[in-house]
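Notes for the one structure printed next.
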């Protein structure tokens, strides 16, 4: 998996947790997906520019710590040269439930 693909996958997963004016792409956060991404990053860390960023984000998420999801989203968004859709805050539990129902159920 290329570094750009890793960035997009983690970025799209973060949309489940953050409020932003615009969001393009969504992937559900699952333990299996997190574990797979950690393995992919570990195997490719020599080729990636930001492996420690990805591992830090994924390890927090693996422990159900999404307290930094806004910052996580925005770091990836900046690396990808985003200019629309900066995350402003975490979604409330109700908003996240609605997001999951809309995109994943």
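In this note's numbering, the protein residues as written are 207 to 311.
Where is the CB? At the ideal position from N, CA and C, for every residue including glycine.
*Taking residue 275 and residue 308 to be in contact with their CB atoms under 8 Å, please state how far apart those CB atoms are, rounded to whole angstroms.*
Wrong, their Cβ atoms sit about 18 Å apart, outside the cutoff.
*What is the rounded straight-line gap between the Cα of residue 245 and the Cα of residue 261?*
About 9 Å.
*Neighbourhood of residue 247 by C-beta, 8 Å cutoff - its chain only, sequence neighbours within 5 removed*: Only 212, 254, 257, 260, 261 and 264 meet the Cβ criterion.
*What residue does the beta strand (DSSP E) around residue 259 start on, and which one ends it?*
Run containing residue 259: none in the beta strand (DSSP E); it sits in the alpha helix (DSSP H), 257-268.
*asked:* Give me the DSSP bridge partner(s) of residue 296.
replied: Note: residue 296 sits in a beta bridge opposite 224.
*Do you know how far the Cα of residue 295 is from the Cα of residue 301?*
Residue 301 and residue 295: Cα-Cα distance of roughly 12 Å.
*Distance, Cα to Cα, residue 273 vs residue 221?*
Taking C-alpha positions only, residue 273 is separated from residue 221 by approximately 14 Å.
*Are residue 299 and residue 268 touching if we call contact CB-CB under 9 Å?*
9 Å or more divides the Cβ of residue 299 from the Cβ of residue 268.
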